[in-house]
Amino acid sequence: MRVRCPNCGSESRLPANANVRSHQGSSSPDGLLPCLWSPDVALDPKHRPQVPGAPSSTVRKDWRKYPQEAHLLDIERCRYRRLTEDEIAIIQGFPPDWGKGIGLTPRERIAGLGNAVPPPLSAALFRALSLTLGDDLRTAAEICAGFGGLALGAHHALQVDAVALVEFWEAAVRVLRTVRAWKPACVHLADVKTFDWDALADRVDVLSGGPPCQPWSQAGHAKGASDERDLLGEMPRLVTRLRPRAFIFENVPGLMSPTHRPYLERLTQELRAAGGYGVAVGLVQAADYGVPQRRKRLILVGIKDRPTGAAHDFFDRLYQLRTHADPSKALPPGLRPWVTLEAAIPGWRSVSGWRRWLDASAQPSHLTMNDQNKQDGPGAGTSSQKPAERRVPAMGLVWPGRDHAIEWRDSSWTVVPKIDNLASEVAPLMPLTPRGRPALDP
Ligand SMILES: C[S@@+](CC[C@H](N)C(=O)[O-])C[C@H]1O[C@@H](n2cnc3c(N)ncnc32)[C@H](O)[C@@H]1O
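Numbering (my numbering), first residue to last: 86 to 527.
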């Protein structure tokens, strides 16, 4: 990819997926305001600008706290802006006005959206379940319903009759009560642990939900079962009480980490014993289902009175339902490349709020590659470079953080993504056999 600097007219060649470029002594020809962040914020390694030509990285509820991770970069014009709440809704696979106009604060809306299962992924989950069971699933109950992403997918795929959506966050309940896909009366502001489930016993075809994932998140404290927010451990008891024909639980991939894997294996055994369920666990990539976002999710599925192989079949079906694939690899026949932000948000250029993303005067001029190596570890710079070359000049420097490196290219210092890191970030998430076997069968 060739990028021309609008200030000095120079051209640079960058990798196709490069998303940051630095320039020396650039000014602001388009009258945009400079960045209002302090350099500390602007240079925070957590800053992961989103680029129009690729899917977003994972939307996090923490984007309400760290908006610097939710910035859209306009490479050609050296500017950036915050993603709007409506754009975040789109990136999560919702209509742009999801949760809008009911008095939620921007933080509440971003948090609820960031927590959700993208409805296109959810629809694929329920379609795969229906195909596996081979008959209709008519009723559904949802625990920890959040902003309703999982429940909306169930509605889109199967038109199920939602008999209960249980959620104890008042803001989310307000959103759920505006959704026409189910009756407001079936939305309960209640704690899953104390809700009266016995009234619904044998009346639910599918039980689904996303118990809080913080205990397992690799970004969190990963306290697992000792975390008081752990609801997963309650699921075998709930399944025993409700006796659904099938269940789908969604969580973060951290649950498969070596630390938590024994817990996951124990949980899987308990779920199998909760009424003769065939149970399997797999990882899915939301971008494979048309969502403009790379988002890995762990899926735990159980099917009553069927062997474990039936749950394997679910993952086969799910795999076959993919509509998109990683364009950096050979595209399987019939699949389209992952949806980019540009395609998902065609009006992204016209949204206001752009700032110059490099404020040369605000950046420190004394950073050297040694400083960078301290932050980024070995390999970020090359020891064969002469000291003079290794000094990063006084330019609009973007601290590369863990995802980027500074390279000397075309006679200037350029911040480029670390290709290895990008590759691992977008690596196939459902390490499947050709038939689509799940990653784990504990
Ligand atoms: C990961 S989000 C679920 C997102 C949802 N599946 C969606 O697609 O929009 C987890 C939700 O569980 C809710 N929650 C956590 N513990 C709960 C409990 N004990 N009872 C009810 N809701 C709970 C949180 O408020 C949060 O909204």
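A virtual CB, placed ideally from N, CA and C, is assigned to each residue, including glycine.
Using 7 Å as the threshold, is the C-beta distance between residue i and residue j below it?
i    : j    : result
L403 : A242 : no
A225 : L261 : no
S142 : L426 : no
A266 : L189 : no
P297 : L316 : yes
A275 : P321 : no
R192 : R149 : yes
G234 : S207 : yes
A395 : G432 : no
If we ignore side chains and look at the alpha-carbon of each, how far apart do residue i and residue j end up?
i    : j    : result
R441 : I430 : 21 Å
Q177 : D281 : 31 Å
L406 : Y374 : 8 Å
A174 : V144 : 10 Å
D389 : R357 : The question names Asp, yet the displayed sequence has Lys at residue 389. So the alpha carbons of these two residues sit roughly 9 Å apart.
R379 : G295 : 18 Å
I333 : I195 : 25 Å
D159 : A372 : 22 Å
N336 : L368 : 10 Å
D290 : L385 : 16 Å
V424 : P412 : 10 Å
R421 : P137 : 17 Å
D182 : D171 : 6 Å
K414 : A155 : 26 Å
P417 : A270 : 44 Å
S342 : S435 : 42 Å
V251 : I228 : 5 Å
R288 : R162 : 57 Å
What whole-angstrom Cβ distance do residue i and residue j have, given they're in contact under 8 Å?
i    : j    : result
V245 : L222 : 6 Å
S293 : A365 : 16 Å between Cβ atoms; not a contact.
W439 : R166 : 5 Å
P338 : L383 : 5 Å
L218 : A331 : 7 Å
E319 : K381 : Not a contact, Cβ separation roughly 24 Å.
Looking at the structure shown, is residue i part of a helix, part of a strand, or coil, going by DSSP?
i    : result
E161 : coil
A524 : Per-residue confidence for A524 stands at a pLDDT of 39, beneath the threshold of 50, marking its modelled position as unreliable; the derived number appears in the next sentence. The answer is coil: DSSP assigns A524 none of H, G, I, E or B.
L383 : strand
L356 : helix
V136 : coil
A465 : Low local confidence applies: a pLDDT of 28 at A465 is under 50, so the model's placement there is unreliable, and no value is given.
R192 : helix
What are the residues that DSSP puts in a beta bridge with residue i?
i    : result
S293 : E227, I333
H273 : V251
S342 : BP columns for S342 are empty, so no partner.
K389 : Y362
L368 : L383
Strictly under 7 Å for the Cβ-Cβ distance: is residue i near chain C by that measure?
i    : result
F399 : The question asks about chain C, but that chain is absent: this structure has only one protein chain.
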